[in-house]
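Colleague:
2 protein chains.
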Amino acid sequence: MTGIPPAPAVDLTKLTADRTARLRDALAEAPFDAVVLTTPESILYATGYRSVAGALFRAHRMAAVVTAGDCWLVCPAADTAPAVDGGLPADRMVPFGRFYFESAEPTPLTSAADRHPDLYAALETAIKAAGTGLRYGVEGLAAEPALAAAAAGATVVDATGWSGQVRGVKLPGEVELLRYAAVLAEAGVRAALEIAEEGVTEQALAEAVAATMVAGGGEPRFVVATTGPRSALADAHPTGRSWKPGELARFDVGCLYAGYWSDIGRTAVLGDPDARQAGHYAAILAGLDEQLAMTRPGVAAAEVFDVAVRTVEREGIVPYRRQHCGHGIGLAVYEPPIVSPGVVTALEPGMTFCFETPYYNLGWGGMMVEDTLVVTGEGVDLFTRSPRELPVVAV
Amino acid sequence: MTGIPPAPAVDLTKLTADRTARLRDALAEAPFDAVVLTTPESILYATGYRSVAGALFRAHRMAAVVTAGDCWLVCPAADTAPAVDGGLPADRMVPFGRFYFESAEPTPLTSAADRHPDLYAALETAIKAAGTGLRYGVEGLAAEPALAAAAAGATVVDATGWSGQVRGVKLPGEVELLRYAAVLAEAGVRAALEIAEEGVTEQALAEAVAATMVAGGGEPRFVVATTGPRSALADAHPTGRSWKPGELARFDVGCLYAGYWSDIGRTAVLGDPDARQAGHYAAILAGLDEQLAMTRPGVAAAEVFDVAVRTVEREGIVPYRRQHCGHGIGLAVYEPPIVSPGVVTALEPGMTFCFETPYYNLGWGGMMVEDTLVVTGEGVDLFTRSPRELPVVAV
């Protein structure tokens with residue numbers, strides 16, 4: 038398959054060590070001594086462990102208890118062996134539930150089953166090991182860790198905003214993984230436009246996107262490829278609908294690479310655009326370009342939202358109603374800060390964002406450009422490289 | 038790409054109508070007048086609507102309020118237009134939150150934003166419309182619907198088991214979609230073994246699986262392709278590890294097709310198996326074969342578990358410790374009944390299962406065969422068609 042970008046040379050073991058160091062540095066400044074991370078993304082950040090089951094089952098629960106110098110992974114018994122394979126110490130696994138690993142000699146992993154009945158009981162053990170007299174930050178104020186820490190006599194503080202801040206400023210290795218995930222998604226859209234012709238189905242376009250992501254080592258996670266009036270539906274699955282001359286096609290696609298997300302948007306037209314298509318596209322692109330132009334450290338997320346809406350309206354789409362015009366991206370597809378009204382968070386170097394100015398007009402069509410970038414000392418470093426003008430597919 | 042099975046000719050619009058009819062028939066016999074479905078799978082079952090965002094965001098919430106003759110979809114405003122595009126009436130959308138669709142003329146969809154602040158408030162409206170004097174079944178006893186129904190003066194009953202029973206016995210169209218998802222996953226493993234040779238990486242094997250799923254219109258969702266000692270890790274992501282002569286490779290892979298899951302397992306060896314590999318494989322396969330042989334309507338799920346464990350131990354793996362040896366599969370990858378101790382649920386024609394007898398021995402390796410089937414009037418109709426003997430990849 039052509040057009041696959043070269044994979045980044047990121048040492049994932051070193052990256053995990055770097056993330057852990059960043060987390061520990063932040064912990065030293067935090068209003069608590071230890072933190073209980075409860076989202077799969079923060080647990081991956083802290084430990085390097087990405088659970089297969091965690092992405093499949095809504096009921097799957099884990100926690101990481103992190104102190105200044107140590108870390109315990111509280112997880113279903115089935116997660117222990119792959120976590121240890123990934124580099125975590127076997128004696129820092131605190132398993133719950135029933136799953137059986139065998140081995141030639143008994144080990145902590147072969148007796149992981151039924152050590153604790155549930156997450157709560159395992160957390161009690163982990164918190165006892167980490168220290169009962171500590172102040173604990175709990176991400177998401179998830180019930181079990183908060184209760185288990187409180188039961189152990191610890192002080193409990195909400196650490197949700199804190200973990201978002203720690204993860205929000207990316208390390209260089211994270212930036213490279215996010216850049217690759219973005220260019221891979223972009224290559225997917227390019228591949229779709231290469232096979233595009235009159236009559237191509239949304240499903241065939243989506244398959245071209247997903248096949249490119251897979252060929253580059255990515256895991257496709259959402260592939261919105263919609264044509265004609267369906268391009269106005271925001272997030273919708275592709276169907277067998279055929280692309281017809283004069284119609285828009287809108288792509289909003291993302292994949293995972295080493296746990297990091299992409300989320301990019303592109304629009305194309307089959308045959309020459311009419312005046313309204315060209316005009317509206319120029320308006321949304323101007324909005325995005327103004328976002329990029331004003332982005333630098335110290336600017337508030339809400340200001341980036343305001344400039345997008347103001348510009349799109351000035352360029353001719355009135356009203357331009359949006360709840361957000363972008364979002365942070367990293368180990369989660371949406372991370373704080375969200376680029377929306379009232380978000381006063383100041384941009385910092387190392388923050389990674391998707392900026393977007395989508396427009397959804399039912400009956401007519403939808404269009405968007407969504408780009409991914411990292412904030413630098415002076416402005417932005419844009420990950421996506423496709424030409425910005427409206428791609429025209431020959432009829 | 039070769040080896041892609043032909044896609045099934047299932048009319049998805051008719052299938053949605055058939056599922057709705059089945060749900061309504063079951064409702065007529067239920068100890069409640071209306072049901073509030075709260076899982077994405079049951080909502081898809083009842084409405085045909087599969088939310089893109091619902092699969093991406095843990096915090097995404099929806100509900101379907103279903104009465105004998107009507108149905109309301111309670112959903113984020115962004116989900117309204119794609120749901121209506123999929124065939125639901127615009128006046129049966131009860132949106133919450135903020136998202137903007139435009140159109141030439143105002144419609145219920147262009148004013149979906151901010152109609153209700155949250156799921157709870159939207160449910161109050163839906164339940165008022167459906168009837169406040171009714172008895173409501175609530176799936177998962179999710180807090181908001183239970184509270185909203187109770188606040189409206191309705192009687193509230195747990196409908197979790199009920200919805201599992203309704204969805205458990207599949208319609209013919211569902212069986213065909215599940216069969217296709219399974220043979221697509223199986224074709225993926227076959228493609229991986231075709232490119233396999235000494236030194237192939239786990240990631241390359243996984244890419245061959247995922248590429249085949251994509252080429253057949255599936256959405257890869259988990260691709261466990263692990264070699265050597267890593268094959269013992271149960272669910273683990275593939276790495277750059279190379280497959281070496283004498284080692285096992287274990288595949289446990291699944292994709293989505295039209296919302297239906299696959300989950301199949303296969304094991305291979307690079308070069309001729311040694312006596313222990315051959316013997317253990319014969320034992321786990323015998324366990325699976327005995328499961329298939331004893332399956333018929335009226336048999337309890339726990340009996341199918343027992344025969345698997347008893348057979349694998351009799352054939353030489355002692356102890357053979359497992360928490361389950363299979364599970365229902367459908368719009369969720371694990372559905373009741375689970376094939377585990379104490380599950381007295383009797384098998385019925387139309388129930389679809391994955392049966393599996395995996396064995397994970399740390400340091401040595403792991404092996405499994407996992408097959409998917411539908412229970413028939415006489416026994417089983419097996420979806421997977423690969424040869425059952427241990428595949429040997431030439432060194």
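Residue numbers (my numbering), protein chains in the order written: chain A, 38 to 432; chain B, 38 to 432. Note that CB positions come from ideal geometry on N, CA and C, so glycine has one too. Model, not experiment: these values are computed from the prediction.
With DSSP run on the structure shown, which of helix, strand or coil describes Met99 of chain B?
Modeller: Met99 of chain B: coil per DSSP, three-state reduction.
Colleague: Since Leu261 of chain A meets chain B, which of its residues come closer than 9 Å, beta carbon to beta carbon?
Modeller: Note on identity: in this sequence residue 261 of chain A is Val, with Leu being the wrong assignment. In chain order: Val89.
Colleague: At a CB-CB cut-off below 8 Å, which residues of chain B make contact with Asp343 of chain A?
Modeller: Neighbours of Asp343 of chain A on chain B: none; closest Cβ ~16 Å, over 8 Å.
Colleague: Within this structure, are the beta carbons of Phe392 of chain B and Leu329 of chain B separated by less than 8 Å?
Modeller: Their beta carbons are under 8 Å apart, which means Phe392 of chain B touches Leu329 of chain B by this criterion.
Colleague: Could you say if the region 38-58 of chain B and the region 259-271 of chain B meet the contact criterion of at least three C-beta pairs nearer than 8 Å?
Modeller: In short, these stretches do not touch, since the Cβ pair count stays below three.
Colleague: Cα-Cα, which of B:Tyr397, B:Gln240, B:Ser148 is closest to Asn398 of chain A?
Modeller: Closest option to Asn398 of chain A, Cα to Cα, is B:Ser148.
Colleague: Going by alpha carbons, who is nearest to Leu49 of chain A out of A:Tyr371, A:Tyr297, A:Thr382?
Modeller: Checking every option, the nearest Cα to that of Leu49 of chain A belongs to A:Tyr297.
Colleague: Given that Gly254 of chain A touches chain B, what residues does it touch there, using C-beta distances under 8 Å?
Modeller: Under the 8 Å cutoff, chain B gives Gln240, Glu244.
Colleague: Indicate the three-state DSSP secondary structure (helix, strand or coil) for His364 of chain B in the structure shown.
Modeller: It is a strand residue.
Colleague: I think Gly225 of chain A touches Val290 of chain A, with their Cβ atoms under 8 Å apart; what is that distance to the nearest whole Å?
Modeller: Correct: roughly 6 Å between the Cβ atoms.
Colleague: Alpha carbon to alpha carbon, how far is Thr332 of chain B from Val381 of chain B? Give it in angstroms, no decimals.
Modeller: Computed Cα separation, rounded: 14 Å.
Colleague: Run through DSSP, which three-state label would Leu427 of chain B get?
Modeller: Correct three-state label for Leu427 of chain B: coil.
Colleague: From Gly236 of chain A to Leu307 of chain A, what distance separates their C-alpha atoms?
Modeller: Spanning the two alpha carbons is a distance of roughly 10 Å.
Colleague: Can you list the beta strand (DSSP E) stretches of 3 or more residues lying completely in the region 181-244 of chain B, in chain order?
Modeller: 192-195, all fully within the region 181-244 of chain B.
Colleague: Can you say whether Asp300 of chain A is buried or exposed, counting buried as having 16 or more other CB atoms within 10 angstroms of its CB?
Modeller: Classification of Asp300 of chain A: buried, given that the 10 Å Cβ count is 16 or more.
Colleague: In the DSSP assignment, find the unbroken alpha helix (DSSP H) run with Val341 of chain A in it and report its ends.
Modeller: Val341 of chain A -> alpha helix (DSSP H) spans 338-351.
Colleague: The region 145-179 of chain B: which residues have C-beta closer than 8 Å to a C-beta of chain A, in chain order?
Modeller: The region 145-179 of chain B vs chain A, Cβ under 8 Å: Leu146, Thr147, Ala150.
Colleague: Skipping 5 residues on each side, what residues in its chain have a beta carbon closer than 6 Å to that of Leu104 of chain B?
Modeller: One detail in the question is off: residue 104 of chain B reads as Thr in this sequence, not Leu. The answer, listed in chain order, is Ala71, Ala167.
Colleague: Verify the CB distance criterion: does Asp128 of chain A have a CB-CB separation below 8 Å to chain B?
Modeller: Judged by the 8 Å Cβ criterion, Asp128 of chain A is not in contact with chain B.
Colleague: In terms of residue numbering, what span does the beta strand (DSSP E) encompassing Asp48 of chain B cover?
Modeller: Unbroken run through Asp48 of chain B: none, as it is neither H nor E.
Colleague: Any chance you could list the beta strand (DSSP E) runs of at least 3 consecutive residues sitting entirely within the region 73-145 of chain A, in chain order?
Modeller: Those beta strand (DSSP E) runs which fall completely within the region 73-145 of chain A and span 3+ residues are 100-103, 108-113, 130-133.
Colleague: Going by CA-CA distance only, name the one from A:Ala305, A:Thr276, A:Pro275 that's closest to Gly283 of chain A.
Modeller: Considering only alpha carbons, the answer is A:Ala305.
Colleague: Please go through the same chain and pick out, in chain order, the residues whose beta-carbon is closer than 6 Å to the beta-carbon of Gly210 of chain B, but skip the five residues on each side of it.
Modeller: Correct list, in chain order: Val47, Leu52.
Colleague: So with Cβ pairs under 8 Å, would you call Gln314 of chain A a contact of chain B?
Modeller: Closer than 8 Å: no.
Colleague: Along the region 381-413 of chain B, what residues have a CB closer than 8 Å to any CB found in chain A?
Modeller: If the cut-off is 8 Å between Cβ atoms, the region 381-413 of chain B has Tyr396, Tyr397, Asn398, Leu399, Gly400, Trp401 near chain A.
Colleague: List, in order along the chain, the chain B residues whose C-beta lies closer than 9 Å to that of Leu307 of chain A?
Modeller: Result: empty, since nearest Cβ-Cβ is about 20 Å, beyond 9 Å.
Colleague: Starting from Tyr137 of chain A, find everything on chain B with Cβ-Cβ shorter than 8 Å and list it in chain order.
Modeller: Those within 8 Å of Tyr137 of chain A in chain B are Arg358, Arg359, Gln360, Tyr397.
Colleague: Whose CA, out of B:Leu384, B:Gly170, B:Leu325, B:Pro395, lies closest to the CA of Val411 of chain B?
Modeller: Looking at the Cα atoms, B:Leu384 is the closest of the given residues.
Colleague: By the criterion of Cβ-Cβ separation under 7 Å, what are the contact partners of Ala115 of chain B in chain A?
Modeller: Those are Ala271, Asp272, listed as they occur along chain A.
Colleague: Check whether the region 108-117 of chain B and the region 227-244 of chain B are in contact - that is, three or more C-beta pairs closer than 8 Å.
Modeller: Cβ pair count under 8 Å is below three, so no.
Colleague: Tell me which residues share the same chain as Asp155 of chain B and place their Cβ nearer than 6 Å to its Cβ, disregarding the 5 neighbours each side in the sequence.
Modeller: Only Phe133 meet the Cβ criterion.
Colleague: Which residues share a DSSP beta bridge with Phe392 of chain B?
Modeller: Phe392 of chain B pairs with B:Gly363, B:Asp408.
Colleague: Report yes if the C-beta distance between Glu372 of chain B and Arg204 of chain B is below 8 Å; otherwise report no.
Modeller: Taking 8 Å as the Cβ cut-off, Glu372 of chain B and Arg204 of chain B qualify as a contacting pair.
Colleague: Compare the C-beta of Pro42 of chain A with all C-beta atoms of chain B and state if any pair is closer than 8 Å.
Modeller: For Pro42 of chain A, the answer is no, since every Cβ of chain B falls outside 8 Å of its Cβ.
Colleague: If we count Cβ pairs, one from each stretch, closer than 8 Å, do we get three or more for the region 351-366 of chain B versus the region 309-329 of chain B?
Modeller: Flag = yes, the region 351-366 of chain B and the region 309-329 of chain B touch.
Colleague: Quick one, are the C-beta atoms of Ala63 of chain A and Leu74 of chain A less than 8 Å apart?
Modeller: No.
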